[in-house]
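Read through the structure below, which is laid out as structure tokens, and then see the notes.
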Amino acid sequence: MIRFEKVNKWFGKHHVLQDIDFHVAAGDVAVICGPSGSGKSTLIRCINRLEPIQSGDIVVDGMSLTDKKTNITRLRAEVGFVFQQFNLYPHMTALENVTLAPLKVRKMNQNEADELGRELLEKVGIQEKASAYPAQLSGGQQQRVAIARGLAMRPKIMLFDEPTSALDPEMINEVLDVMRKLAFEGMTMAVVTHEMGFAREVANNMVFMDEGKIIETGDPERFYTHPENERTRLFLSKILSH
Amino acid sequence: MWSFYFSQLADSIPFFLKGLWMTFKISGISLVLGTILGFCVGIARAGGIKPLRYLLYIYVDVMRGTPYLVQIFIVFFILPEWGIQLAAFPAAIFSLTLYAGAYICEIVAGGIEAVDEGQTEAAMATGLNRFQRTRYVVMPQAMRTILPPLVGQYVLLIKDSSIVSVIGLTDITRVGWLTVQRIPEGIMVFGLVGILYFSICYPLILLSNWFERRLRAQGG
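Chains A and B supply the protein sequences, listed in that same order.
In this text, residue positions in the first sequence follow this note's numbering: the first is 188, and each later residue adds one.
In this text, residue positions in the second sequence follow this note's numbering: the first is 5, and each later residue adds one.
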């Protein structure tokens, strides 16, 4: 579903992604972790071309990102994206946040879009907040609206860029619960997170990145208990000690 | 003596109202056109491709870096030498529109740049194209920052429109100059001129303040 082939990316002279080969099969959940500045957020942002790549190729649902014939706007509609800072539209209600893309991109009529929006808000457990503005919602509620917005185009793939890092601890689980539900429904997902419990439960594949390279991949159980690489071990000992 | 001049001035009121109407027409038309120009240029500059952006920087900086008096002289006296002959009224509209557009462009581009980049990314990620992102996500948020200085700029531009009197248009200012030659009480005549400008500008100042307060109340 998502395939990276020898992907390289630079920010100026800084080589942020180095020869990345990486693959997520349909229905799989890949969890990407690593120290800050390791390139994990950049990696996930390349998948819907929020960041361009300089060499190699990324193929998403059969569409190549480097192929000039690929309609990037259409590709983005197939891929939901959830940001660390939520990035909800502050001038729209929760429902309007969810229905904007279906209305404007899918050209749904208002009734259909509202129905879809309410259904998705119910799925993330905040249907009663449909007419609230983002500023009136807690962080956890905002992130759940953001997930509903990401689902509104009926994407085949969902990407999560540190979805719980900006949340107060007591709100992390309400967001992870929604993500678990999606994973169990068979959504193809790539998630940048350090939430180990979540990773162990739903990930099919763990990816550890450092300094722009993929250092180690593997199934989560083995990854957490017997990491092969010294750097992975060091990193895990730091994040697991608290 | 004063009362004599006062009654004379009262007789000139229709003349002043004609001047007021001229100022109103010139600044009104130029501000509408200048706002359209300023938004187009501002949006293009905030999101545009590089060569276009540099071109727009040159336009804005030249307009902002030279006095409007010089600009209207160029349009009215120098362009005819290159075969572009404009009557006084269209020359005033044309030059004031270009001048207003430059300032409004700055305000619009600034408002757009103040919108968090994450908003554009979120809109992109759901498949909205550039026009849709600008129309539904970026501009509604940018407008809140744009409105107070925009209306403030209108006030400045209405006052700058007094310069069109130098190319012979009978706006409030020129009515003042003509009247003071008959009624040599400058304080009275230009007092009235001032009051007329103030009566146009003050409602706009209040409007700008109201936008400003609303912006603060929304925590913008």
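Even glycine gets a Cβ: it sits at the ideal position worked out from N, Cα and C.
- Task: Starting from A/Gln-205, follow the beta strand (DSSP E) in both directions and report where the run begins and ends.
- Result: Position 18 of the first sequence, counting from 1, holds the residue named residue 205 of chain A. Residues 201-211.
- Would a check of beta-carbon distances place B/Asp-120 closer than 9 Å to chain A? Here residue 120 of chain B is taken as the residue at index 116 of the second sequence, counted from 1. Taking Cβ atoms only, chain A reaches closer than 9 Å to B/Asp-120, which makes this a yes.
- Task: Anything in chain B within Cβ reach of A/Asn-235, meaning under 7 Å, just list it in chain order.
- Result: Taking the first residue of the first sequence as position 1, residue 235 of chain A is located at position 48. By Cβ distance, chain B contributes Ala-129.
- Query: Across which residues does DSSP place A/Cys-220 in a beta bridge pair?
  - Reply: Here the question's residue 220 of chain A lines up with position 33 in the first sequence. A/Phe-395, per the DSSP bridge assignment.
- Message: Using a Cβ-Cβ cutoff of 8 Å, what residues of the stretch 268-287 of chain A are near chain B? List them in chain order.
- Response: Phe-268, Phe-270, Gln-272, Asn-274, Leu-275, Tyr-276, Pro-277, His-278 and Leu-287
- Task: Would you please state the rounded distance, in angstroms, between the beta carbons of A/Arg-236 and A/Ile-219? I believe it to be under 8 Å.
- Result: Locating residue 236 of chain A in the first sequence gives position 49, counting from the first residue. Locating residue 219 of chain A in the first sequence gives position 32, counting from the first residue. Going by Cβ atoms, the distance from A/Arg-236 to A/Ile-219 rounds to 18 Å, so no, they are not a contact pair.
- Task: Express the C-alpha separation of A/Arg-331 and A/Lys-316 in angstroms, rounding to a whole number.
- Result: Position 129 of the first sequence, counted from the first residue, corresponds to residue 316 of chain A. Position 144 of the first sequence, counted from the first residue, corresponds to residue 331 of chain A. In a straight line, the C-alpha of A/Lys-316 is about 11 Å away from that of A/Arg-331.
- Query: For the 8 Å Cβ check, are there 3 or more pairs between the stretch 38-54 of chain B and the stretch 102-109 of chain B?
  - Reply: yes
- Taking only beta carbons into account, state which residues of the stretch 122-153 of chain B come closer than 7 Å to chain D, listed in chain order. Looking for chain D here will not work: the only protein chains present are A and B.
- Task: Sort A/Glu-382, A/Met-376 and A/Leu-369 by Cα distance to A/Val-266 and report the nearest one.
- Result: On the first sequence, position 79 is the one that residue 266 of chain A refers to. Ranking the options by Cα distance to A/Val-266, first place goes to A/Met-376.
- Return the CA-CA distance between B/Ile-199 and B/Arg-139, expressed in angstroms with no decimal places. Here the question's residue 199 of chain B lines up with position 195 in the second sequence. Here the question's residue 139 of chain B lines up with position 135 in the second sequence. Approximately 40 Å between the Cα atoms of the pair.
- Query: What does A/Ala-264 reach in chain B if we use C-beta pairs closer than 8 Å?
  - Reply: In the first sequence, the residue the question calls residue 264 of chain A occupies position 77. Near A/Ala-264 (Cβ distances below 8 Å), the residues of chain B are Thr-130 and Gly-131.
- Message: How far does the alpha helix (DSSP H) with B/Lys-54 in it extend, from its first residue to its last?
- Response: The residue given as residue 54 of chain B occupies position 50 in the second sequence. Start and end: 54-69.
- Item | Distance, A/Phe-268 Cα to B/Glu-125 Cα | Looking up residue 125 of chain B in the second sequence gives position 121. Looking up residue 268 of chain A in the first sequence gives position 81. Whole-angstrom Cα-Cα distance: 9 Å.
- Message: With a threshold of 8 Å on Cβ separation, who are the neighbours of B/Gly-224 within its own chain once the five nearest residues in sequence on each side are excluded?
- Response: The residue given as residue 224 of chain B occupies position 220 in the second sequence. Interpretation of B/Gly-224 is limited by its pLDDT of 47, a score under 50 that renders its predicted location unreliable; no figure is taken from the coordinates.
- Item | Pick from B/Ile-191, B/Phe-28, B/Glu-110 and B/Gln-12 that is closest to B/Ser-203, judged by C-alpha positions | One-based indexing of the second sequence puts residue 203 of chain B at position 199. Checked all of B/Ile-191, B/Phe-28, B/Glu-110 and B/Gln-12; the closest Cα to B/Ser-203 is B/Phe-28.
- Straight-line CA distance for B/Leu-100 to A/Ser-228? Against the second sequence, residue 100 of chain B aligns to sequence position 96. Against the first sequence, residue 228 of chain A aligns to sequence position 41. Using only the alpha carbons, I get a separation of about 48 Å.
- Starting from A/Glu-403, follow the beta strand (DSSP E) in both directions and report where the run begins and ends. Here residue 403 of chain A corresponds to residue number 216 of the first sequence, with the count starting at 1. A/Glu-403 -> beta strand (DSSP E) spans 400-405.
- Are the CB atoms of B/Asn-213 and B/Pro-152 nearer to each other than 9 Å? The sequence position of residue 213 of chain B within the second sequence is 209, counting from 1. The sequence position of residue 152 of chain B within the second sequence is 148, counting from 1. Going by C-beta atoms, B/Asn-213 is nearer than 9 Å to B/Pro-152.
- Which full runs of the alpha helix (DSSP H) of 4+ residues lie inside the stretch 112-161 of chain B, going along the chain? 121-129
- Item | the stretch 199-209 of chain A in contact with the stretch 388-400 of chain A per 3-pair CB rule at 8 Å | yes
- Between which two residues does the alpha helix (DSSP H) carrying B/Ser-169 extend? Counting from 1 along the second sequence, the entry for residue 169 of chain B is found at position 165. Run containing B/Ser-169: none; DSSP gives neither H nor E here.
- Query: Are there 16 or more other CB atoms within 10 angstroms of the CB of B/Val-66, so buried, or fewer, so exposed?
  - Reply: For this step, residue 66 of chain B is matched to residue 62 along the second sequence. Exposed, because fewer than 16 other Cβ atoms sit within 10 Å of the Cβ of B/Val-66.
- Is the shortest distance between the beta-carbon of A/Arg-367 and the beta-carbons of chain B less than 9 Å? Translated into the one-based positions of the first sequence, residue 367 of chain A becomes position 180. Taking Cβ atoms only, chain B never reaches closer than 9 Å to A/Arg-367, which makes this a no.
- Inter-residue Cα distance where the pair is B/Ser-7 and B/Ile-187: As a first step, residue 7 of chain B must be located in the second sequence, where it is residue number 3. As a first step, residue 187 of chain B must be located in the second sequence, where it is residue number 183. For B/Ser-7 and B/Ile-187, the distance between alpha carbons rounds to 12 Å.
- Query: Under 9 Å, do A/Met-366 and A/Val-389 count as touching if we go by C-beta distance?
  - Reply: The residue given as residue 366 of chain A occupies position 179 in the first sequence. The residue given as residue 389 of chain A occupies position 202 in the first sequence. Yes.
- Touch check for the stretch 330-348 of chain A and the stretch 273-285 of chain A: three-plus C-beta pairs under 8 Å? yes
- Query: Would you say the beta carbon of B/Pro-55 comes nearer than 8 Å to a heavy atom of the ligand FAD?
  - Reply: This structure lacks the ligand FAD; in fact it carries no ligand of any kind.
- Item | Where A/Trp-201 falls, given that 16 or more other Cβ within 10 Å makes a residue buried | The residue labelled residue 201 of chain A in the question sits at position 14 within the first sequence. Residue identity check: residue 201 of chain A is His in the sequence provided, not Trp. Exposed, since its Cβ has fewer than 16 Cβ neighbours within 10 Å.
- Less than 8 Å between the CB atoms is what I'm expecting for A/Val-379 and A/Ile-231, so what's the real figure, rounded? As a first step, residue 379 of chain A is located in the first sequence; it is residue number 192 there, counting from the start. As a first step, residue 231 of chain A is located in the first sequence; it is residue number 44 there, counting from the start. The Cβ separation is near 5 Å, so the contact holds.
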